[in-house]
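Some notes on the structure that comes next.
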Amino acid sequence: MNSLALINEFLGQPPNASAHGYQIDHILEFCHWFMGALFVGWSTFFIFVLIRFRKRRQPAADHVGVRSPISTHLEFSVVMIEAVLLLGFAIPLWAKRVNQFPPGKEALVVHVVAQQFSFNYHLAGPDGQFGRRDALLVTNSNPLGLDPNDPAGKDDIVTTGELHVPVNRPVIAELSSKDVIHDYFVPAMRIAGDAIPGSLIPIWFTPLKTGTYEVICAQLCGLGHYGMKGTLVVDTPQDYQAWLKERAELSGGAQGAAPSPAPGGPQQPQPQQSKQPAPAASPSPGG
Ligand code: CUA
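Counting in this note's numbering, the final residue of the sequence shown is number 293, and the numbers go up one at a time with none missing.
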């Protein structure tokens with residue numbers, strides 16, 4: 007625990023806030039110590055070779071070189087060990103940790119739709135059903151193209167920039183993109199996944215600590231990439247319910263009408279690509 011915290015600080019990582027994160031920290035720490043040991047070992051060997059085969063001691067080059075088969079055996083052993091690590095450990099661990107999702111009822115499922123240069127969130131609302139989305143229905147005020155005629159979507163919640171989740175409950179985030187490849191990265195949760203146009207990529211994590219955490223885009227996705235940030239707020243269950251209620255009121259029940267840029271405005275650091283001046287963006291106190 008203490009040594010993990012130390013290496014985190016040394017590497018400039020924010021403190022871990024998710025259930026699986028300590029394992030990531032552990033493997034990161036192990037890799038750093040292991041690479042350190044390799045560095046010392048190979049450097050020692052390099053210096054030994056420089057001295058042992060210096061020109062003064064070896065005036066004429068040896069054109070035959072090594073005759074013993076030991077280096078062949080060593081190379082073969084390395085290949086075998088790496089094959090065991092990959093097939094015996096890495097792939098099964100990936101299947102267990104990454105591909106085994108918590109049951110859908112237990113988890114909070116959220117659609118994360120990336121675009122240049124913000125993250126949109128789509129929650130199912132009280133009925134637990136996601137409304138139909140259609141790319142043809144996408145407009146500035148309907149960033150996800152929700153179908154206003156689908157009853158399942160009437161209570162859906164759409165936000166941009168900021169997502170709230172309850173603490174101690176698994177979150178399944180289904181990543182997709184409207185334009186180019188982005189990467190949804192929450193450093194404090196030790197989780198990241200690419201958002202790729204035409205793909206739905208689920209990732210999951212369980213937040214353990216309430217607080218406000220930074221979300222960043224981790225793929226160079228265009229000129230505004232540097233500003234593609236968001237916020238993940240981990241709430242107590244009560245605070246989460248309060249946020250849901252507030253979002254539901256803001257969207258006025260029907261998504262088509264209201265998720266205007268106004269509520270999410272401050273979280274959108276980049277101006278959208280619309281050519282006409284957006285009326286909602288005026289800094290008037292009434293807006
Ligand atoms: Cu999106 Cu970088």
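From the three backbone atoms N, C-alpha and C, an ideal C-beta is built for every residue, glycine too.
Check: Asp68: buried (16+ other C-beta within 10 angstroms of its C-beta) or exposed?
Finding: Counting from one through the sequence shown, the residue named residue 68 turns up at place 62. Per the 10 Å Cβ criterion, exposed.
Note to self: What would DSSP say about His69, mapped onto helix, strand or coil?
What the structure shows: Counting from 1 along the sequence shown, the entry for residue 69 is found at position 63. His69: coil per DSSP, three-state reduction.
query: Would DSSP call Ala141 helix, strand or coil?
result: Position 135 of the sequence shown, counting from 1, holds the residue named residue 141. Ala141 falls in the helix class under three-state DSSP.
Inset, instruction - Would you identify the three-state DSSP class for Val90, choosing helix, strand or coil? - result: Counting from 1 along the sequence shown, the entry for residue 90 is found at position 84. The answer is helix: DSSP assigns Val90 an H, G or I state.
Are the CB atoms of Val171 and Val239 nearer to each other than 9 Å?
As a first step, residue 171 is located in the sequence shown; it is residue number 165 there, counting from the start. As a first step, residue 239 is located in the sequence shown; it is residue number 233 there, counting from the start. Judged by beta-carbon spacing, Val239 lies within the 9 Å limit of Val171, meaning their Cβ atoms are closer than that value.
### Task
Just tell me which of Tyr127, Ala141, Gln19 and Ser77 has its CA closest to the CA of Glu295.
Since the first and last residues shown for the chain are 7 and 293, residue 295 lies out of range.
### Query
Can you pull the DSSP bridge partners for Asp200?
As a first step, residue 200 is located in the sequence shown; it is residue number 194 there, counting from the start. For Asp200, which the question treats as bridged, DSSP gives the partners Asp189.
task: Check whether the Cβ of Val186 sits closer than 8 Å to any heavy atom of the ligand CUA, and report yes or no.
output: The sequence position of residue 186 within the sequence shown is 180, counting from 1. Yes, since a heavy atom of the ligand CUA falls inside the 8 Å radius drawn around the Cβ of Val186.
Assuming Arg175 contacts Thr212 (C-beta within less than 8 Å), just tell me the rounded distance between them.
Here residue 175 refers to the residue found at position 169 when the sequence shown is read from its first residue. Here residue 212 refers to the residue found at position 206 when the sequence shown is read from its first residue. Here Arg175 really is in contact with Thr212; their C-beta atoms are around 7 Å apart, less than 8 Å.
* May I ask you to check if the CB of Phe189 is nearer than 8 Å to at least one heavy atom of the ligand CUA? => Taking the sequence shown and counting its residues from 1, one reaches residue 189 at position 183. In the sequence as presented, Phe is not what sits at residue 189; that position holds Asp. True, at least one ligand heavy atom lies under 8 Å from that Cβ.
- Query: Can you tell me the Cα-Cα spacing of Val221 and Val70, whole angstroms?
  - Reply: Within the sequence shown, residue 221 is the residue found at index 215, counting from 1. Within the sequence shown, residue 70 is the residue found at index 64, counting from 1. Computed Cα separation, rounded: 58 Å.
_Cβ shell of Pro272 (< 8 Å), same chain only, five flanking positions each side left out_ = The residue given as residue 272 occupies position 266 in the sequence shown. Below a pLDDT of 50, predicted positions are generally treated as unreliable, and Pro272, at 41, falls in that range; the measurement from the model is reported next regardless. The residues are Gly167.
Notebook entry, point to check: Should Trp100 go down as buried or exposed, given a rule of 16 or more other Cβ atoms within 10 Å for buried?
Noted result: Position 94 of the sequence shown, counting from 1, holds the residue named residue 100. By the 10 Å Cβ count, Trp100 comes out exposed.
For Thr50, the first and last residue of its enclosing alpha helix (DSSP H): Within the sequence shown, numbered from 1, the residue matching residue 50 stands at position 44. Its alpha helix (DSSP H) spans residues Gly27 to Arg58.
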